[in-house]
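In our numbering, the protein residues as written are 51 to 387. Note that the Cβ used here is the ideal one computed from N, Cα and C, for glycine as well. Read the structure below first, then the notes.
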């Protein structure tokens, strides 16, 4: 759990559609602990210290009432990208993002008092691939070059699946910004990998590899990794709520992305594991088939920087990966002790 803080000067009503996943539960807990009133819209009921309300993310229903007069709407729906990009899965990945976003537009349009702020999930994968030492080696702020129909080297185009993913994200953001919401401020959360010391998380999966001495360089190791500690993610959301002058796309990433080779080395050091067997690109591609996932999740480089957050005065508790990795490992060990 993250550290508690003083009660807020005013309790906010915060609604999280699709907030039953790892990030949603973390945010719900963060704001609930700070005295705010949290409601999670979920397709499957579960026991939680906050209010949960059923929605199917497809049709208007009684759940719309939770948005009336709400202060903040944080939409996190979307099927996990940790799957093979078959035609069926592509359809579900698209429908589970764009459909609920359009539905929320419809719901907000019919409310006398719509939420004052709507944050919609997006992803840092919208930017082009960045590899250390290449001609494309440059940080990507909110005005950075978007991906799609790109080259990953002077002689090689990006795989078709990478182009499809980028187009999906562009269409998702277009659906979010398409309809006017004159009384509702809108922010697209271009989120990097959120690291949390919990089972089933990205951090947990990478840590399992490291502790099995399989946490070596992945691919050629030059692809950049963008990341953010869960504490800074929650604090950044809180910061955006407070700063009413901010809208549009926001990068949620620590200010110091680093190449995969350095990223994995720092994680091994945090776990005090001296060595790790590397995984070349071909081996990752073969392994992804058996694991029913896509190698893009590891091989696509993301060198994303949070320019707008920094310009607005946000302070990161964990700006660099080695210190973040040390903190996450410590909390993991405390949890299982």
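- Pairwise C-beta distances place the stretch 263-280 in contact with the stretch 315-332, as three or more of them are shorter than 8 Å.
- In this structure, DSSP gives residue 169 an extended state, which the three-state scheme calls strand.
- DSSP, reduced to helix, strand and coil, places residue 272 outside both helices and strands of the structure shown, so it counts as coil.
- Boundaries of the beta strand (DSSP E) around residue 277: 277-279.
- When DSSP states are grouped into helix, strand and coil, residue 228 belongs to the helix group.
- Assignment of residue 236 by DSSP, reduced to helix, strand and coil, places it in the strand class.
- In the structure shown, residue 180 falls within a coil segment according to DSSP collapsed to helix, strand and coil.
- In this structure residue 82 does not touch residue 73 by the C-beta definition: roughly 15 Å separates them, more than the 8 Å allowed.
- By the neighbour-count criterion, in which 16 or more other beta carbons inside 10 Å mark a residue as buried, residue 60 falls on the exposed side.
- Taking C-alpha positions only, residue 86 is separated from residue 62 by approximately 5 Å.
- As summarised for the stretch 283-368, the continuous beta strand (DSSP E) elements at least 3 residues long and confined to that stretch are 298-302, given in chain order.
- Around residue 174, the same chain offers 240, 241, 242, 276, 301, 303, 352 and 354 as residues with beta carbons nearer than 7 Å, after the five sequence neighbours per side are excluded.
- By the Cβ-count criterion, residue 309 is buried, with 16 or more other Cβ atoms from all chains shown falling within 10 Å of its own Cβ.
- Closest in alpha carbon position to residue 365, among 289, 295 and 330, is 289.
- For residue 221, the CB contacts under 7 Å within the same chain, skipping 5 residues up- and downstream, are 148 in chain order.
- In the three-state reduction of the DSSP assignment, residue 67 falls in the strand class.
- Distance from the CA atom of residue 379 to the CA atom of residue 230, rounded to whole angstroms, is 44 Å.
- Residue 214 places its beta carbon 7 Å or farther from that of residue 346.
- Residue 208 and residue 332 have their C-alpha atoms some 15 Å from each other.
- When the five nearest sequence neighbours on each side are left out, the beta carbons in the same chain lying within less than 8 Å of the beta carbon of residue 237 are those of 167, 168, 169, 170, 290, 296, 297, 298, 299 and 300, in order along the chain.
- Excluding five sequence positions before and after residue 176, the CB atoms of its chain that fall closer than 8 Å to its own CB belong to 196, 197, 216, 219, 220, 223 and 240, given in chain order.
- DSSP places residue 104 inside the beta strand (DSSP E), whose first and last residues are 101-104.
- Note on geometry: alpha-carbon atoms of residue 350 and residue 311 lie some 14 Å from one another.
- In the structure shown, residue 76 falls within a helical segment according to DSSP collapsed to helix, strand and coil.
- Between residue 93 and residue 181, the gap from beta carbon to beta carbon reaches 7 Å or more.
- By the C-beta density criterion, residue 160 is exposed, having fewer than 16 other C-beta atoms within 10 angstroms.
- Between residue 370 and residue 306, the CB-CB gap stays under 7 Å.
- Of the other Cβ atoms in all chains shown, 16 or more fall within 10 Å of the Cβ of residue 257; this residue is therefore buried.
- Considering only 124, 348 and 376, the residue with the shortest C-alpha distance to residue 179 is 348.
- Distance from the CA atom of residue 386 to the CA atom of residue 133, rounded to whole angstroms, is 29 Å.
- Here residue 106 is exposed, its C-beta having fewer than 16 other C-beta atoms within 10 Å.
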